[in-house]
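Inspection log for the structure reproduced underneath, given as structure tokens.
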Amino acid sequence: MKSFQTERWAVDKTENTLENHPHIIQASLWINKNEVIAIPTETVYGLAGNARSDDAIKRIFEAKGRPSDNPLIVHISDLSQLEGLVSSVSETAQKLMNAFWPGPLTIVLPKGENVSERVTAGLSTVAVRMPDHEIALAVIAASGVPLAAPSANLSGKPSPTSAQHVYEDLKGRIPGIVDGGSTGVGVESTVVECTGELVTILRPGGITLEELEKVAGAGRVVVDPGLENEKQAPKSPGMKYTHYAPDAPFVLVDGSVEFLQRLVDKEREAGKRIGILTTEERAHVYKADCVIPAGDRSNPESVAQHLYEALRAFNEAGVDQIFGEVFPKTGVGVAIMNRLEKSAGGNIIKE
Ligand code: AMP
Ligand code: MG
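First residue of the sequence shown? That's 1 in full-length UniProt numbering, and the numbers climb one at a time after it.
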């Protein structure tokens, strides 16, 4: 792997004519040399490369240390870029695009002829979305090619929601990061597959099942059974990996504040430094070495937004063990719990 002096290119996303911004042009020049750079999206920062280039895709996998059987999402800025990228768009898929693009919904479609085999990890389908972020759209448009872009973190680490997170993970490995400030949604896109009129959620994310049902029709949205059932493999290859993990062991606690505090006290008596992942409402209630709130429990969108930043903060605090609260699995809570269960490697203590 080449090494780089990783540059940070600040861009104010509210500026007009972003496509002509010197930093956007600079980013697109790297893309057109089939190198990879990090860009902000509305979900998390992405590590972007030319989706048509085998070299670029190889560099994405190398820089992240990502297993090569985990396919990438391709990002477009204009529907005309579907040409060559996918071979057909079903009626249901079209409806979802009309309703949710640009936005945090990824649709798995039959693969076209003009996309690197490495993007799809040999599958006959390709995952596509149009991000709802001015800077991402401007970089794609300036590059003139669809961009494959997984989250811009080292594989296994929490996804990056700021340019600083990307820098911590990928400095020296990529030529630059377009710094557009903090991302908005905070968890990755929802990944869906459409077969006939049925929509299957392969990965929960920024768009909820309830929102999808409003467009696809009641009862026409299902969740891949492989996500909940341990005996069945998930349909999305990425869902089988441990992900989003802080450095210290992380356990979820499904119980009262008092129960969680007792678990913490016991470990601290044994001399361990303990962290607690909670929300603003309860942050002052706990006693531990490091108590980190991720958003407000009363506003699950804010929890999604701050979740990865909170998980990363425990690494700086240098704790030996982290206990985290659970959240109701409704709305964006489904995505929050999916990420938390992955970062805990499935470890949950019930009261
Ligand atoms: P990331 O790029 O890290 O946000 O992860 C992308 C997610 O989309 C992973 O869970 C992949 O397994 C999933 N994905 C990408 N392409 C496909 C596809 N063709 N079929 C099913 N899942 C896919
Ligand atoms: Mg990722």
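Every residue, glycine too, gets a C-beta built ideally from N, C-alpha and C.
Contact annotation: Glu15 and Gly184 have beta-carbon atoms that are not nearer than 8 Å.
In terms of side-chain proximity, the C-beta atom of Asn70 is found nearer than 7 Å to a non-hydrogen atom of the ligand AMP. Counting the other Cβ atoms within 10 Å of the Cβ of Asp265 gives fewer than 16, which makes it exposed. Looking from the CA of Glu258, the closest CA among Val332, Asn299, Ala56, Glu351 belongs to Glu351. Ranked by Cα distance from Gly181, the options Arg173, Cys194, Ala163 are led by Ala163. Secondary-structure assignment with DSSP links Asn50 through a beta bridge to Leu147. Annotation for Lys350: the continuous beta strand (DSSP E) segment containing it runs 348–350. A contact between stretches requires three or more CB pairs, one per stretch, nearer than 8 Å, and the stretch 192–211 fails this requirement with the stretch 19–39. Those residues whose C-beta sits under 6 Å from the nearest heavy atom of the ligand MG are, from N- to C-terminal order along the chain, Pro150, Ser151, Ser159. Counting only unbroken stretches of 4 or more residues, the alpha helix (DSSP H) elements lying wholly within the stretch 192–222 are 209–216, in sequence order. If you look at Val166, you'll find it in the alpha helix (DSSP H) that goes 163–170.
Using a cutoff of 7 Å, the CB of Lys235 counts as near the ligand AMP, since one of the ligand's heavy atoms is closer than that. In the three-state reduction of the DSSP assignment, Gly324 falls in the strand class, which pools E and B.
Of the other Cβ atoms in all chains shown, fewer than 16 fall within 10 Å of the Cβ of Asn347; this residue is therefore exposed. Secondary structure at Ile177: strand, using DSSP grouped into helix, strand and coil.
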